[in-house]
Amino acid sequence: MRAFKYTRADSVNEATETAGQKSNSKYLAGGTNLLDLMKGDIERPDVLIDVNRLGMDEIREVDQEIILGAGVDNTTTANHPLVKENFPLLSQAILSGASQQIRNMASNGGNLNQRTRCAYFYDTAMPCNKRQPGTGCGARGGLNRMHAIFGWSEKCVAVHPSDMCVALAALDASVQVVDPQGEIRIIPFTQYHRLPGDQPEKDNTLQPGELVKAIAVPKNRMADHSYYLKVRDRASYAFALVSVAAGLELDGKTIKKARLALGGVAHKPWRAAQAEEYLVGKQATDEVFGLAAEAALSSARPLEHNEFKVNLGTRAIVRSLQKARSGGVV
Amino acid sequence: MQNDETGVPEELVRLEDLSIKGRSRRTFMAQATAGGLSVFALSLLTEQEAAAQEAMPNAAVRADDADIMADEFLEVRLNINGQEETLRLDPRVTLLDALREHLQTTGTKKGCDHGQCGACTVMIDGRRVLSCLTLAATCEGREVTTIEGLGTEGRLHPMQQAFIKHDAFQCGYCTPGQICSAVALLKEAEEGQASYVTENLDSAWGDLSDEEIRERMSGNICRCGAYPNIVKAVAEVQSGRETAQTWNFHVKVDEVQA
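Going line by line, the protein sequences match chains A and B.
With the working numbering applied, the first sequence corresponds to residues 1 to 330, in that order.
With the working numbering applied, the second sequence corresponds to residues 331 to 588, in that order.
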């Protein structure tokens, strides 16, 4: 690991000011991804700003929103009464990711900013436009079984690894960030992460020095009819091949509102807006779910090794909607 | 003193030193390692260069690294198993390396060093974490509990006893991490924490099913595949219900008499 200066900030102001002064600095929260990337010489910060003691460690209800402090760890968030009651989908998504040890360490802010697990990104002997712009994409013509089927570019076919973020995208969350001047900005969750385009080195729309302070999730009427389904190569402690966050607001059997987001398929959590629109006003039947799922996957562009994700994604959507309809039990 | 053939001090190569008695085994390892390192002329390296080598294996120290390191060592106060320790550390030193290389508490194991295997699991403020992905500097003011803090040779932690009873390991390398993980799991279950396989998020109380234990222990990989017995050990302690072990020694009577 390359040498760096370690500094612990005691306030949000101190943290962002330091980041504003040091261009090659990184905020350190749980460190579960950043430290690993630094060991692999992929991240090379000169300064690490420890943001674990800034007081961003509350989960509270404000008006019709639940505010998740960026410094709260994933375990605490998943098990918090306000989260379990209002967004069981979010609890499930968080609990499906990583291991208990990692969830105990990982912060909510850090979960958003974790980087892809694309093997070419991790292997410094391989080309990767995300790690080193201009070197090419190793995965585009290489082994791309785990990679994107939506929204990829010739420059990058990596996927975002988070489960939590898939649920947050489905739940219409927003991200509160603060810059070194103290300016606060609210970013709708679906605009927080970006597609690779010509700049795959940029995972999200954060500006230099900006710090995630909190995530706001608006209350909804889907808590009784939601489900997070994660399909992976082993039963636990693995990244998703495909995951689905599904939420329904039902009036009897009629769907009043639907939310669908997919993980493991794109550079960002993939909202299936077309399928959501299709579901509204329909009856919550298996046939309707099937048609919605087909609509969601109709724009898929699989790569050489991941065509299976189209079928898998279609079936996973149907399955998660069935689970959501019955309150988690099928 | 030195046996040229093996590079190991010969008076130390005695069977009893290789037994599971912790202290003598560690002494053996420490002396053997010191002997080995002298071959590479450790004394020619400065303390800082040595630290950098440790933090950056297989890589030369860059000149600008040395500039940063010269005045950037940190004084870190750690509480390990109830004992206060103050160390002067390169900021790159992980909690795992601080435990193993600086405090010689080698019960905590380095498996993958990338947060994938769980061998380095310890508890910070009673919660299980991966010490390989934790910078020692971030642990100031926190209470770290390692396998050494759970029990002693005469008085094992119930989870340690259960692991022995149920033969929950073969090579033993993942075991300290498994046990730290399992001990933390007990408290999580008591608090009603849910897992991905919990049917109802609010009903996560009571005895954990085997499926729950497997899910909750999935961050600890066992190369030997002792999983069925690990589940049995954890289930016994978590439920408080004794279960018979499924293994037995088969000893021939005439061998015992001989």
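A virtual CB, placed ideally from N, CA and C, is assigned to each residue, including glycine.
* Asked: What do you reckon, are the CB atoms on B:V452 and B:V474 nearer than 9 Å?
  -> The residue given as residue 452 of chain B occupies position 122 in the second sequence. The residue given as residue 474 of chain B occupies position 144 in the second sequence. Contact flag set, yes.
* **Pairwise C-alpha distance: A:P127 and A:G197** => As a working note, residue 197 of chain A is residue 197 in the first sequence. As a working note, residue 127 of chain A is residue 127 in the first sequence. Pairing A:G197 with A:P127, the inter-Cα distance amounts to about 17 Å.
* Nearest to A:I67 (by Cα), restricted to the options A:V83, A:N74, A:R234 and A:L262 -> The sequence position of residue 67 of chain A within the first sequence is 67, counting from 1. Restricting attention to A:V83, A:N74, A:R234 and A:L262, the CA atom closest to the CA of A:I67 is found in A:V83.
* What number of angstroms, rounded off, separates the C-alpha of A:L206 from the C-alpha of B:L417? -> To locate residue 206 of chain A, count along the first sequence from 1; it is residue 206. To locate residue 417 of chain B, count along the second sequence from 1; it is residue 87. The alpha-carbon atoms of A:L206 and B:L417 are separated by roughly 37 Å.
* To do: Return the Cβ separation of A:L211 and A:F189 in integer angstroms, given the expectation that the two are a contact with Cβ distance under 8 Å.
  => In the first sequence, counting from the first residue as 1, residue 211 of chain A sits at position 211. In the first sequence, counting from the first residue as 1, residue 189 of chain A sits at position 189. The pair is not a contact, with the Cβ atoms about 17 Å apart (cut-off 8 Å).
* Residues, ordered as in the chain, of the region 45 to 58 of chain A that lie near chain B by beta-carbon distance below 7 Å -> Listed in chain order, the positions of the region 45 to 58 of chain A with a beta carbon within less than 7 Å of a beta carbon of chain B are D50 and N52.
* **Sufficient close CB pairs (3 or more, under 8 Å) joining the region 243 to 262 of chain A to the region 314 to 326 of chain A** => Judged by Cβ distances under 8 Å, the region 243 to 262 of chain A makes contact with the region 314 to 326 of chain A, as three or more pairs qualify.
* Neighbourhood of A:A9 by C-beta, 8 Å cutoff - its chain only, sequence neighbours within 5 removed -> Residue 9 of chain A sits at position 9 when you count from the first residue of the first sequence. So the qualifying residues of the chain are A15, T18, I49, D50, V51, R53 and L54.
* **Cβ-Cβ distance between B:V660 and A:Q101 below 9 Å** => The question about residue 660 of chain B has no answer, for chain B in this structure spans 331 to 588.
* To do: Closer than 9 Å, Cβ to Cβ, to anything on chain A: give me those residues from the region 542 to 560 of chain B, in chain order.
  => Taking 9 Å as the Cβ-Cβ cut-off against chain A, the residues of the region 542 to 560 of chain B that qualify are R544, E545, R546, M547, S548, G549, N550 and I551.
* **Under the three-state DSSP convention, the category A:T285 falls into** => For the purposes of this step, residue 285 of chain A is taken as the residue at position 285 of the first sequence. Residue state, collapsed to three classes: coil.
* With 16 other Cβ atoms within 10 Å as the buried cut-off, status of A:T135 -> As a position in the first sequence, residue 135 of chain A is number 135, starting the count at 1. With fewer than 16 other CB atoms across the displayed protein chains lying within 10 angstroms of its CB, A:T135 is exposed.
* Asked: Contact check, A:V47 vs A:N24 under 8 Å by CB: the rounded distance?
  -> Translated into the one-based positions of the first sequence, residue 47 of chain A becomes position 47. Translated into the one-based positions of the first sequence, residue 24 of chain A becomes position 24. Confirmed, about 7 Å.
* Any C-beta of chain A sitting closer than 9 Å to the C-beta of B:L463? -> Working through the second sequence from its first residue, we reach residue 463 of chain B at position 133. Closer than 9 Å to some Cβ of chain A, the Cβ of B:L463 qualifies, so yes.
* Cβ-based contacts, 8 Å cut-off: residues of the region 427 to 446 of chain B near chain A -> Those residues of the region 427 to 446 of chain B that come within reach of chain A (Cβ to Cβ, closer than 8 Å) are D443, H444 and G445.
* To do: Quickly, what does DSSP pair A:E249 with across the bridge? List them, please.
  => Looking up residue 249 of chain A in the first sequence gives position 249. A:E249 pairs with A:K257.
* Are A:M164 and A:L229 closer than 9 Å when you measure CB to CB? -> Reading the first sequence from its first residue, position 164 is the one you call residue 164 of chain A. Reading the first sequence from its first residue, position 229 is the one you call residue 229 of chain A. Against a cut-off of 9 Å, the Cβ pair of A:L229 and A:M164 comes out as no contact.
* Asked: Buried or exposed: which applies to B:G456, given that a residue is buried once 16 or more other Cβ atoms fall within 10 Å of its Cβ?
  -> Position 126 of the second sequence holds residue 456 of chain B. So B:G456 ends up on the exposed side.
* If you check the beta carbons only, do A:M56 and A:P45 fall under 9 Å apart? -> The count along the first sequence starts at 1 and reaches residue 56 of chain A at position 56. The count along the first sequence starts at 1 and reaches residue 45 of chain A at position 45. Cβ distance not < 9 Å, so A:M56 and A:P45 don't count as in contact.
* Leaving out five residues on either side along the sequence, give the residues of the same chain with a beta carbon under 7 Å from the beta carbon of A:R232. => By 1-based counting over the first sequence, the position of residue 232 of chain A is 232. These residues qualify, in order along the chain: A238, F239, A240 and L241.
* Asked: Is A:P133 close to chain B, meaning its C-beta is less than 9 Å from at least one C-beta of that chain?
  -> Taking the first residue of the first sequence as position 1, residue 133 of chain A is located at position 133. So no, A:P133 is outside the interface.
* To do: Please confirm whether A:D41 and B:G445 have their CB atoms less than 9 Å apart.
  => Taking the first residue of the first sequence as 1, we reach residue 41 of chain A at position 41. Taking the first residue of the second sequence as 1, we reach residue 445 of chain B at position 115. Not in contact: A:D41 and B:G445 (Cβ atoms no closer than 9 Å).
* Quick one, are the C-beta atoms of B:D411 and B:E478 less than 9 Å apart? -> Numbered from 1 along the second sequence, position 81 holds the residue referred to as residue 411 of chain B. Numbered from 1 along the second sequence, position 148 holds the residue referred to as residue 478 of chain B. The identity of residue 411 of chain B in the sequence shown is Asn, whereas the question assumes Asp. Against a cut-off of 9 Å, the Cβ pair of B:E478 and B:N411 comes out as a contact.
* Asked: Given that B:V459 touches chain A, what residues does it touch there, using C-beta distances under 7 Å?
  -> One-based indexing of the second sequence puts residue 459 of chain B at position 129. Ordered by position in chain A, the residues that pass the 7 Å Cβ test against B:V459 are Q101, N104 and M105.
* Asked: Listing by chain order, which chain A residues have their CB less than 7 Å from the CB of B:D532?
  -> On the second sequence, position 202 is the one that residue 532 of chain B refers to. In chain order: K84.
* Asked: Grouping DSSP H, G and I as helix and E and B as strand, with all else coil, what is A:Y227?
  -> Taking the first residue of the first sequence as position 1, residue 227 of chain A is located at position 227. Three-state DSSP puts A:Y227 in a strand.
* Boundaries of the alpha helix (DSSP H) in which A:E17 is found, first to last residue -> As a working mapping, residue 17 of chain A is identified with position 17 in the first sequence. Element bounds for A:E17: V12 to Q21.
* Please look up how many angstroms separate the CB atoms of B:A540 and B:A565, rounded, as I've assumed it's under 8 Å. => For the purposes of this step, residue 540 of chain B is taken as the residue at position 210 of the second sequence. For the purposes of this step, residue 565 of chain B is taken as the residue at position 235 of the second sequence. The question names Ala, but residue 540 of chain B in the sequence shown is Asp. About 7 Å separates the beta carbon of B:D540 from that of B:A565, a gap short enough to meet the 8 Å contact definition.
* Please compile the residues from chain A whose C-beta is within a distance smaller than 7 Å of the C-beta of B:S525. => Translated into the one-based positions of the second sequence, residue 525 of chain B becomes position 195. Near B:S525 (Cβ distances below 7 Å), the residues of chain A are L95.
* Near A:D224, what residues of its chain come up, given a Cβ to Cβ distance below 7 Å and the 5 sequence neighbours on each side ignored? -> Numbered from 1 along the first sequence, position 224 holds the residue referred to as residue 224 of chain A. The beta carbon of A:D224 sits closer than 7 Å to the beta carbons of G327 from its chain, once the five residues preceding and following it are set aside; these are given in chain order.
* To do: Check whether the Cβ atoms of B:L408 and B:P421 lie closer than 9 Å to each other.
  => To locate residue 408 of chain B, count along the second sequence from 1; it is residue 78. To locate residue 421 of chain B, count along the second sequence from 1; it is residue 91. B:L408 is not a Cβ neighbour of B:P421, given a cutoff of 9 Å.
* **Nearest-angstrom Cα separation, counted from A:V157 out to A:F87** => Stepping through the first sequence from its first residue, residue 87 of chain A is reached at position 87. Stepping through the first sequence from its first residue, residue 157 of chain A is reached at position 157. A:F87 and A:V157 have their alpha carbons spaced roughly 31 Å apart.
* To do: State the start and end residues of the unbroken beta strand (DSSP E) segment that holds A:Q176.
  => Reading the first sequence from its first residue, position 176 is the one you call residue 176 of chain A. Where A:Q176 is concerned, the enclosing beta strand (DSSP E) starts and stops at S174 to V178.
* To do: Please decide whether B:A467 counts as near chain A, where near means a Cβ-Cβ distance under 9 Å.
  => Taking the first residue of the second sequence as 1, we reach residue 467 of chain B at position 137. True, the Cβ-Cβ gap to chain A drops below 9 Å.
* Do B:T438 and B:P506 have their C-beta atoms closer together than 9 Å? -> For this step, residue 438 of chain B is matched to residue 108 along the second sequence. For this step, residue 506 of chain B is matched to residue 176 along the second sequence. In this structure, B:T438 lies near B:P506, with their beta-carbon atoms less than 9 Å apart.
* Nearest-angstrom Cα distance between A:G142 and A:A119? -> Looking up residue 142 of chain A in the first sequence gives position 142. Looking up residue 119 of chain A in the first sequence gives position 119. The alpha-carbon atoms of A:G142 and A:A119 are separated by roughly 10 Å.
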